[in-house]
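J.: So the sequence shown is residues 1110 to 1307, counted in the working numbering. Before I ask anything, let me first share the structure, which is written out below as structure tokens.
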Amino acid sequence: MRLFFAVHPSEEIRRKAAALADEIKAGCENLDAKWVPPENFHITLVFLGETPETKLAELKNVAQQAAKTGKSFSAEFGNLGVFPNTRAPRVLWIGISKGAQELRHLARGLHHELQAGGFLFDSKDPDPHLTLARMRDPREPSRAKVLSSAVSKIRGYVERPMPALGSWPVLQIALMESLLAKPSPIYKTLEQFNLGHE
1110 MRLFFAVHPS EEIRRKAAAL ADEIKAGCEN LDAKWVPPEN FHITLVFLGE TPETKLAELK
1170 NVAQQAAKTG KSFSAEFGNL GVFPNTRAPR VLWIGISKGA QELRHLARGL HHELQAGGFL
1230 FDSKDPDPHL TLARMRDPRE PSRAKVLSSA VSKIRGYVER PMPALGSWPV LQIALMESLL
1290 AKPSPIYKTL EQFNLGHE
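As structure tokens, then:
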């Protein structure tokens, strides 16, 4: 099972983020990108990768322990960004302007419990964000000329203020399974864990 822990935006925020993605997509019609469907929008806390199904019950216990030490909070998106840079963008994302510290705290709590439980996971400190699109490499000669104007437009979106999407309450963390499928993977919520609850 390909697993990860995540936080879901509210349905209202999900709709607004999808509208923003549609606006960018319409303005960058030459962009060779794979856009994330709105139903897949999430903020990753910890990526575990392939995990035996026999470990699922133990993993849920780990999540419960991490969740009960956390507290609910308000989160808000505040800026557009790209990885690795605007010269050759590969991932277009929305960053967190409010609640980023709390999201990192949740991730570190999960790290602690996962490590104590002997689980393998991606232990790097998270940079909380929601991925809108993944782009093919614009530096490839076959694409560079066609994509140059689209990349310039992406840079313009990143460098100007992002429309306000509003805030939402973060009340739970979710254990997710990623199922490989085309055209996009399917993300299945296995269980949600309330923050601050025994």
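All residues carry an ideal CB built from backbone N, CA and C; glycine is no exception. What you are looking at is a predicted structure, and each value in this text was computed from that prediction instead of being measured.
May I ask which residues mark the beginning and end of the alpha helix (DSSP H) holding A1166?
T.: 1165-1177
J.: Is it true that the CB of Q1301 sits closer than 8 Å to the CB of E1311?
T.: Because residue 1311 is not part of the residues shown, which for the chain are 1110 to 1307, the question remains open.
J.: Between the alpha carbons of N1170 and G1265, how many angstroms are there, rounded?
T.: 45 Å
J.: Can you tell me the Cβ-Cβ gap for L1112 and L1157, rounded? I've got them flagged as a contact below 8 Å.
T.: 5 Å
J.: Three Cβ pairs or more, each shorter than 8 Å: is that satisfied between the stretch 1147-1161 and the stretch 1119-1129?
T.: yes
J.: Does the distance from the C-beta atom of L1215 to that of G1179 stay below 8 Å?
T.: yes
J.: Measuring alpha carbon to alpha carbon, tell me which of T1298, P1198, I1205 ends up nearest A1273.
T.: That would be I1205, whose Cα lies nearest to the Cα of A1273.
J.: How many whole angstroms separate the CB atoms of G1305 and S1181, which I take to be in contact at a CB cut-off of 8 Å?
T.: 6 Å
J.: Quick one: give me the first and last residue of the alpha helix (DSSP H) that H1117 is part of.
T.: Looking at the DSSP string, H1117 is not in any alpha helix (DSSP H), and its letter there is neither H nor E.
J.: Compute the distance between the beta-carbons of L1168 and M1244, then report whether it is under 8 Å.
T.: no
J.: To which residues of the same chain is G1136 closer than 7 Å at the C-beta, ignoring the five residues directly before and after it?
T.: K1262
J.: Taking L1288 and I1282 to be in contact with their CB atoms under 8 Å, please state how far apart those CB atoms are, rounded to whole angstroms.
T.: Rounded, the Cβ-Cβ distance is 20 Å, inconsistent with contact.
J.: Whose C-alpha, out of E1286, P1270, S1183, D1131, is nearest the C-alpha of E1095?
T.: Because the chain spans 1110 through 1307 in this model, residue 1095 falls outside it and cannot be assessed.
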